[in-house]
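Residue numbers (the numbering used here), protein chains in the order written: chain A, 97 to 249; chain B, 97 to 249; chain C, 97 to 249; chain D, 97 to 249.
Yeah, the Cβ is synthetic: ideal placement off N, Cα and C, and Gly gets one too.
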């Protein structure tokens with residue numbers, strides 16, 4: 097691959113960041129011989145799960161506590177394919193948009209350093225009754241570092 | 097394909113039967129160019145959902161009524177591959193094993209008449225509290241026709 | 097659901113359109129009790145497969161002919177949840193962006209008329225050797241109707 | 097969980113063994129709040145991929161070399177549910193059934209030591225032209241240790 101490797105993290109907006117590893121499963125490939133495009137969104141979810149864990153909570157606990165974070169927007173730009181058995185890195189950054197809204201940015205890094213894809217998801221914080229509910233203070237604080245940087249890539 | 101087409105239904109045990117259609121999704125293929133093996137179990141679930149519907153209930157209603165049918169055993173034999181965009185028929189037969197246990201048999205039929213796979217799942221009827229609960233009488237009756245035929249293929 | 101139903105088609109850009117039906121699979125739900133967000137992209141692929149079929153070709157034939165349409169961008173906005181066993185309509189519109197680039201817009205319509213989600217994918221036309229290749233003339237023509245309408249939603 | 101934990105490995109037939117770790121993804125759950133049954137077969141594939149790696153080859157290399165191992169039979173018995181974010185261990189054992197046939201046995205171990213499921217897959221060794229082809233000698237040797245133990249669980 098002649099594409100120049102570049103630092104996935106530097107291209108992401110500031111804020112808390114985590115790095116997760118996934119190895120591409122056979123189930124994730126399609127007959128084009130590469131990873132099927134919808135599966136990147138599954139990896140994004142792994143990324144934000146891990147990021148929340150590094151911030152001192154888990155999404156599992158949030159849900160047990162009655163708070164869910166349904167996705168309200170999701171997008172991905174695909175730059176280079178990923179293949180079976182590749183060991184990928186998911187670089188995830190989180191950002192508080194408001195007390196009841198959070199966004200995550202993602203980069204999928206291949207073993208050769210190429211950024212295969214970049215994505216973004218936006219989430220509403222919702223209580224069990226379906227109404228908006230503020231994120232827990234510690235999580236809001238941890239995610240708020242980058243609020244002054246503008247909301248969008 | 098030189099394999100002789102044969103009647104999928106005749107190879108299934110007696111009992112109520114339904115036929116469902118699915119068209120193979122690109123997402124369901126893998127890099128071997130055929131359908132990934134785990135996806136047949138997703139089709140089986142479509143088959144049993146449709147069979148229950150023809151028997152006058154829906155699985156959705158069963159769950160709303162507090163009864164679930166978790167899988168306790170599942171198996172599949174793969175005879176011939178399925179490919180992207182193939183229009184397949186799922187032939188499903190249900191059988192009551194006991195008031196709290198039910199089994200389904202499946203055949204996946206390709207457009208050329210070849211049976212691509214056969215499978216079987218066994219389910220326990222469980223209440224919300226995790227304890228066994230008898231299936232509703234109407235469903236038990238509908239599924240009981242074949243009880244004398246022996247439990248296994 | 098108090099949300100007013102509105103016409104999914106009118107909100108899509110002009111161009112050839114198709115309507116596909118899918119019934120939500122149990123496999124497509126998650127523990128939140130609704131469809132997992134990545135699965136909408138699988139439905140989008142069903143939509144564009146069907147749209148190409150109505151335009152007189154199939155994606156299967158395109159690939160057999162050495163042309164692939166890898167996704168280079170994908171996005172989705174989620175407005176309302178979809179649930180197990182719902183019968184959904186995928187409304188798909190296609191648009192030629194250039195002889196080697198095509199975009200599709202999607203709306204997922206629930207049985208109650210609510211538009212659960214809207215999405216968009218953009219695709220490059222690529223030959224087997226990985227180089228750009230013009231779409232077949234008939235397909236270009238069929239998709240070109242809306243070129244003057246501006247490229248983006 | 098009152099179920100006694102027992103050693104998953106001791107219940108598997110002898111032969112080379114590997115242990116893989118997976119963390120349950122949100123995408124893998126369904127509306128019952130537990131892992132959807134078909135996903136266990138995806139984990140099995142991770143297990144056998146890892147086992148082959150420990151035996152000194154990779155499935156990726158086998159395929160690059162023109163040999164595929166399509167599944168011809170697959171089964172799973174489900175004993176206890178797995179939940180989102182659980183860290184599971186996949187214990188995999190491989191066994192040569194003949195120079196052109198191999199079987200793998202699997203146990204899915206939960207963090208609390210409970211064996212959630214046991215499974216088995218059987219595979220044919222097939223060349224690119226679709227005809228049977230002997231497994232590479234080194235792999236045959238590594239998998240042959242348990243041939244005298246009887247072919248089935």
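Contact between residue 239(B) and residue 192(B) is confirmed by a C-beta separation of about 4 Å, below the 8 Å threshold. Between the C-alpha atoms of residue 201(A) and residue 171(A) there is a straight-line separation of about 10 Å. Put simply, the backbone Cα of residue 188(A) is about 13 Å away from that of residue 136(A). Going by beta carbons, residue 133(B) and residue 174(B) fall inside the 8 Å limit. Rounded to whole angstroms, the Cβ separation of residue 118(C) and residue 179(C) is 13 Å, and the two are not in contact under 8 Å. Only those residues of the segment 107–128 of chain A whose C-beta falls short of 7 Å from the nearest C-beta of chain B are listed: 122, 123, 125, 126 and 127.
In the DSSP assignment, residue 189(C) falls within the beta strand (DSSP E) that extends over 183–194. Cβ neighbours of residue 147(A) within its own chain (closer than 6 Å, five residues either side excluded): 114, 188 and 190. At a cut-off of 8 Å, the C-beta of residue 181(A) has a neighbouring C-beta in chain D. About 5 Å separates the CB atoms of residue 222(A) and residue 164(A); that is less than 8 Å, so the two are in contact. Considering only beta carbons, the part of the segment 126–154 of chain A lying closer than 8 Å to chain D consists of 138, 141, 142, 145 and 154, in chain order.
In the DSSP assignment, residue 237(B) falls within the alpha helix (DSSP H) that extends over 233–239. Any Cβ of chain D closer than 8 Å to the Cβ of residue 186(B) would place that residue at the interface, and such an atom is absent. Residue 218(D) and residue 236(D) do not touch by the CB rule: their CB atoms are close to 16 Å apart, not below 8 Å.
When 7 Å is used as the limit between beta carbons, residue 156(A) is near these residues of chain D: 180 and 181, in chain order. Neighbours of residue 169(C) in chain A, taken as residues whose beta carbon is under 8 Å from its own, are 171, 172, 173 and 174 in chain order. Around residue 176(A), the same chain offers 210 and 212 as residues with beta carbons nearer than 6 Å, after the five sequence neighbours per side are excluded. Between residue 207(C) and residue 182(C), the C-beta gap is smaller than 8 Å, which places the two residues in contact. Contact between residue 230(B) and residue 195(B) is confirmed by a C-beta separation of about 4 Å, below the 8 Å threshold. Residue 215(D) sits in a strand when the DSSP states are folded into three classes. For residue 124(D) and residue 159(C), the gap between their C-alpha atoms comes out near 30 Å. Scanning its chain for C-beta atoms nearer than 8 Å, with the 5 sequence neighbours on each side dropped, one finds around residue 153(D) the residues 232, 234 and 235, in chain order.
Bounds of any alpha helix (DSSP H) do not take in residue 134(B), whose DSSP letter is neither H nor E. Against residue 166(C), the close residues of chain A are 128, 130, 133, 174 and 177, in the order they occur along the chain (beta-carbon pairs closer than 9 Å). Take the alpha-carbon of residue 199(A) and the one of residue 216(A): they are about 7 Å apart. Pairing residue 161(B) with residue 228(B), the inter-Cα distance amounts to about 14 Å. For residue 214(C) and residue 214(A), the gap between their C-alpha atoms comes out near 20 Å. Between residue 204(D) and residue 186(D), the CB-CB gap stays under 8 Å. The closest CA to that of residue 156(C), considering only 120(A), 112(A) and 128(A), is found on 128(A). For residue 143(C), the number of other beta carbons within 10 angstroms of its own is at least 16, and it is reported as buried. Around the beta carbon of residue 111(B), 16 or more other beta carbons lie within 10 angstroms, which makes this residue buried. Distances from the CA of residue 139(C) to each of 220(B), 120(B), 141(B) and 116(B) were compared; the closest alpha carbon is that of 120(B).
Scanning its chain for C-beta atoms nearer than 6 Å, with the 5 sequence neighbours on each side dropped, one finds around residue 126(B) the residues 132, in chain order.
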